[in-house]
Amino acid sequence: MAENAIINDNNAVEGIEDGPARDELPSYPLDDVMVRSETRTVSETVKRIKTGRYAMSPDFQRDFVWPSDKQSKLIESCIMRIPLPVFYVAEGKDGRVTIVDGLQRLTSFRRFLSDELRLVGLGDEHPLNGKIFSQLPLHFQERIEDTQLTLYILDKSAPEAARLDIFERVNSGIPLTRQQMRNALYDGPATRWLSEQSKSRSFRSVTGGSLDPKTMRDREAINRFCAFYLLGSDDYTSGDMDAFLAKALRQMNELEDLDELTEAFETGLKRNDQLFGRHAFRKSLVEVDTDAYRSVINISLFEVMMVGLARLDDDDFDENVEEIEEALINLLVEESFLHAVTYSTNSTRQVHQRFRMIDEALQEFMI
């Protein structure tokens, strides 16, 4: 499935309208993929986890926790001196580390060394079955703490496309969408804000709850609004949507607060709902009959309609509601705009085209 396939009201997929295939994404110099290897003990690693150096709670992993017996087998492997698979992590700009592959194993070590995990499933006659870390003989405690972990660390200066590609290739857990990867790599105020807004009553109401939260399709749509609202469409020059969305998350993480962005987001939702109701962000908004069949949400239409309407002053909007509605509906009758929200929608030309056209359509209503 192409990353930018559209999700309809029943979470079915319409895969032709907004986004290039994965192999059309920009390439990057192979020499720029910087991965180094380091060795640390379990004790050292758990200490860093407890001090917050490691991001241990990406949203996409919360429902995929190892059962206690599998965690216990990992601890037993350390005692038996069985070599462990390598770990993959990614450096953040702030020095924190995101776990790319190995989150469940590191979580197991943290839980056991903190006496939160009791060894189970090792067999009724096993001498360690039922014990917590503090109940183990000292030499077994030290053997676990001294177990060597090999970490492959993705450098913080690696290109965005490389970071996501490596994340995707080495993650041995559930298949991840690009937004889920971004959610882990840029964990902070920005990702928490996306989560809050995706669960808001207004967002779920206007979108009809049709953007799949499990794949973070809802957060991707919001991420795109944030990117174009904060950075502007003129800043989109490379055709690399992954890098553009990541740049917005980095900027959001550095802002003192996100109150202004919250107000703009809520304004965009309110105005689209007022103008188009259940057809908001859908090509069926051109229908005169509000009870007509509504098409699937179009993400390109979401980002451009949200940003365009959020930027209007209250007086300009309130005094020209009917005229603004007509002007925006007329856009979807124009072939060039329809093409810009339907085909190769992440290309620089198509992005600039749709934002230029909506700016021109709304310009006459701005004082």
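Quick note on numbering: my numbering labels position 137 of the sequence shown as 137, and the sequence is numbered without any gaps. All C-beta atoms in this analysis are idealised placements derived from N, C-alpha and C, irrespective of residue type, glycine included.
(request) Quick one: residues in its chain with C-beta nearer than 6 Å to the C-beta of Glu325, no 5 flanking neighbours on either side, listed in chain order? (result) As a first step, residue 325 must be located in the sequence shown, where it is residue number 325. These residues qualify, in order along the chain: Leu275.
(message) In this structure, how does DSSP classify Glu334 when only helix, strand and coil are distinguished?
(response) Walking along the sequence shown from the start, residue 334 turns up at place 334. In this structure, Glu334 counts as coil in the three-state DSSP scheme.
(message) To the nearest angstrom, how far is the alpha carbon of Met305 from that of Gly268?
(response) Against the sequence shown, residue 305 aligns to sequence position 305. Against the sequence shown, residue 268 aligns to sequence position 268. Answer to the nearest angstrom: the Cα atoms are 8 Å apart.
(message) I'd like to confirm the pairing. Which residues does DSSP put opposite Arg393 in its beta bridges?
(response) The chain is shown only over 1 to 367; residue 393 falls outside these bounds and no answer can be derived.
(message) Here's a check: name, in chain order, each residue in its chain whose Cβ is nearer than 7 Å to the Cβ of Leu122, leaving out the five neighbours to either side.
(response) Residue mapping note: residue 122 aligns to position 122 of the sequence shown, counting from 1. Only Ser72, Glu76, Leu128 and Asn129 meet the Cβ criterion.
(message) DSSP three-state label for Arg96, please.
(response) For the purposes of this step, residue 96 is taken as residue 96 along the sequence shown, with counting starting at 1. Reduced to three states, the DSSP call for Arg96 is coil.
(message) Run through the DSSP bridge pairs and tell me what Phe87 is partnered with.
(response) Stepping through the sequence shown from its first residue, residue 87 is reached at position 87. Paired residue(s): Leu151.
(request) Go to Glu263, then tell me how far its alpha helix (DSSP H) extends in each direction, as first and last residue. (result) Looking up residue 263 in the sequence shown gives position 263. Glu263 -> alpha helix (DSSP H) spans Asp259 to Phe276.
(request) Taking Leu138 as part of the alpha helix (DSSP H), name the residues at either end of that continuous run. (result) Taking the sequence shown and counting its residues from 1, one reaches residue 138 at position 138. Start and end: Leu138 to Glu145.
(request) State the Cα-Cα distance for the pair Glu14 and Ile297, rounded to the nearest angstrom. (result) Residue numbering aside, residue 14 sits at position 14 when the sequence shown is read from its first letter. Residue numbering aside, residue 297 sits at position 297 when the sequence shown is read from its first letter. Only weak support exists for where Glu14 lies, its pLDDT of 35 falling under 50; the coordinates are left without a value.
(request) Taking 8 Å as the cut-off, decide whether the C-beta atoms of Arg219 and Ser205 are in contact. (result) Taking the sequence shown and counting its residues from 1, one reaches residue 219 at position 219. Taking the sequence shown and counting its residues from 1, one reaches residue 205 at position 205. Contact flag unset, no.
(message) Which residue wins for smallest C-alpha separation from Phe228, given the options Ala161, Thr348 and Thr107?
(response) In the sequence shown, residue 228 corresponds to position 228, counting from 1. Closest in C-alpha terms to Phe228, from the list Ala161, Thr348 and Thr107, comes Thr348.
(message) Here's the rule I'm using: 16 or more other beta-carbon atoms within 10 Å means buried, otherwise exposed. How should Asn330 be labelled?
(response) Translated into the one-based positions of the sequence shown, residue 330 becomes position 330. The residue is exposed, with fewer than 16 neighbouring Cβ atoms inside 10 Å.
(message) Looking at Arg380: is its Cβ nearer than 8 Å to the Cβ of Ser284?
(response) Lying before the first or after the last residue shown, residue 380 is absent from the chain, which here runs from 1 to 367.
(request) Name, in chain order, the residues that DSSP records as bridge partners for Asp101. (result) Start at 1 with the first residue of the sequence shown, and residue 101 comes out as number 101. In the DSSP output, where bridge partners are listed per residue, Asp101 has Tyr88.
(request) Would you list the residues sitting across from Ile297 in a DSSP beta bridge? (result) If you number the sequence shown from 1, residue 297 lands on position 297. In the DSSP output, where bridge partners are listed per residue, Ile297 has Arg282.
(message) With a threshold of 6 Å on Cβ separation, who are the neighbours of Glu334 within its own chain once the five nearest residues in sequence on each side are excluded?
(response) In the sequence shown, residue 334 corresponds to position 334, counting from 1. Once the five neighbours on either side are set aside, Glu334 has no close Cβ partner at all.
(request) Measure the alpha-carbon distance for Ile7 versus Asp291 and round it to whole angstroms. (result) For the purposes of this step, residue 7 is taken as the residue at position 7 of the sequence shown. For the purposes of this step, residue 291 is taken as the residue at position 291 of the sequence shown. Any reading at Ile7 needs caution, since the residue's pLDDT is 31, under 50, leaving its predicted position unreliable; the model's value is listed next. In this structure, the CA atom of Ile7 is about 20 Å from the CA atom of Asp291.
(request) Have a look at the DSSP bridge pairing and note the partners of Thr41. (result) In the sequence shown, the residue the question calls residue 41 occupies position 41. Per DSSP, Gln148.
(request) To the nearest angstrom, report how far apart Leu25 and Leu176 are at their CA atoms. (result) Stepping through the sequence shown from its first residue, residue 25 is reached at position 25. Stepping through the sequence shown from its first residue, residue 176 is reached at position 176. Confidence at Leu25 is low in this model, with a pLDDT of 45, below 50, so its placement is unreliable and no value can be given for it.
(request) Less than 8 Å between the CB atoms is what I'm expecting for Phe225 and Val307, so what's the real figure, rounded? (result) The sequence position of residue 225 within the sequence shown is 225, counting from 1. The sequence position of residue 307 within the sequence shown is 307, counting from 1. About 6 Å separates the two Cβ atoms, so the contact holds.
(message) At the level of alpha carbons, what is the spacing between Lys36 and Ser300?
(response) Your numbering for residue 36 matches position 36 in the sequence shown. Your numbering for residue 300 matches position 300 in the sequence shown. What sits at residue 36 in the sequence shown is Arg, not Lys. For Arg36 and Ser300, the distance between alpha carbons rounds to 38 Å.
(message) Quick test of the definition: if touching needs 3 or more C-beta pairs under 8 Å, does the stretch 45–54 touch the stretch 94–107?
(response) Contact between the stretch 45–54 and the stretch 94–107 is present, because at least three Cβ pairs lie under 8 Å.
(request) Can you give me the start and stop residues for the alpha helix (DSSP H) that His352 sits inside? (result) For the purposes of this step, residue 352 is identified with residue 352 of the sequence shown, where counting begins at 1. Where His352 is concerned, the enclosing alpha helix (DSSP H) starts and stops at Thr348 to Gln363.
(message) Less than 8 Å between the C-beta atoms of Ala248 and Leu230, yes or no?
(response) Numbered from 1 along the sequence shown, position 248 holds the residue referred to as residue 248. Numbered from 1 along the sequence shown, position 230 holds the residue referred to as residue 230. In terms of Cβ geometry, Ala248 and Leu230 form a close pair [threshold 8 Å].
(message) Beta-carbon within less than 8 Å of Ala55's beta-carbon, same chain only, minus the 5 sequence neighbours each way: which residues are those?
(response) As a working mapping, residue 55 is identified with position 55 in the sequence shown. Closer than 8 Å at Cβ, skipping near neighbours: Gly92, Arg96, Val97, Thr98, Ile99, Ala184 and Asp187.
(message) Need the endpoints of the alpha helix (DSSP H) that Lys247 sits in, please.
(response) The count along the sequence shown starts at 1 and reaches residue 247 at position 247. Lys247 -> alpha helix (DSSP H) spans Met241 to Glu254.
(request) Have a look at the DSSP bridge pairing and note the partners of Ala55. (result) Locating residue 55 in the sequence shown gives position 55, counting from the first residue. Per the DSSP secondary-structure output, Ala55 pairs in a beta bridge with Thr98.
(request) With a 10 Å radius around its C-beta and 16 neighbouring C-beta atoms as the bar for buried, classify Leu258 as buried or exposed. (result) Taking the sequence shown and counting its residues from 1, one reaches residue 258 at position 258. So Leu258 counts as buried.
(request) Return helix, strand or coil for Lys47, following the three-state DSSP convention. (result) For the purposes of this step, residue 47 is identified with residue 47 of the sequence shown, where counting begins at 1. Lys47 carries a helical assignment under DSSP once its states are collapsed to helix, strand and coil.
(request) State the CB to CB distance for the pair Thr147 and Val42, rounded to an integer number of angstroms; the pair is presumed to be in contact (CB under 8 Å). (result) Here residue 147 refers to the residue found at position 147 of the sequence shown. Here residue 42 refers to the residue found at position 42 of the sequence shown. 5 Å between Cβ atoms; contact.
(message) Are the CB atoms of Arg143 and Cys78 within a distance shorter than 8 Å?
(response) Locating residue 78 in the sequence shown gives position 78, where the first residue counts as 1. Locating residue 143 in the sequence shown gives position 143, where the first residue counts as 1. Yes, the pair counts as a contact, with Cβ atoms nearer than the cut-off.
(message) Tell me the DSSP secondary structure of Thr207 in three-state form.
(response) Translated into positions along the sequence shown, residue 207 becomes position 207. Judged by DSSP in its simplified three-state form, Thr207 adopts helix.
(request) Would you kindly work out how many angstroms separate the C-alpha atoms of Ala327 and Asp101, rounded to a whole number? (result) Within the sequence shown, the letter at position 327 stands for residue 327. Within the sequence shown, the letter at position 101 stands for residue 101. Going from the Cα of Ala327 to the Cα of Asp101 covers about 49 Å.
(request) Starting from the Cα of Asp240, find the closest Cα among Val170, Pro67, Leu154 and Pro159 and give me that residue. (result) To locate residue 240, count along the sequence shown from 1; it is residue 240. Considering only Val170, Pro67, Leu154 and Pro159, the residue with the shortest C-alpha distance to Asp240 is Pro159.
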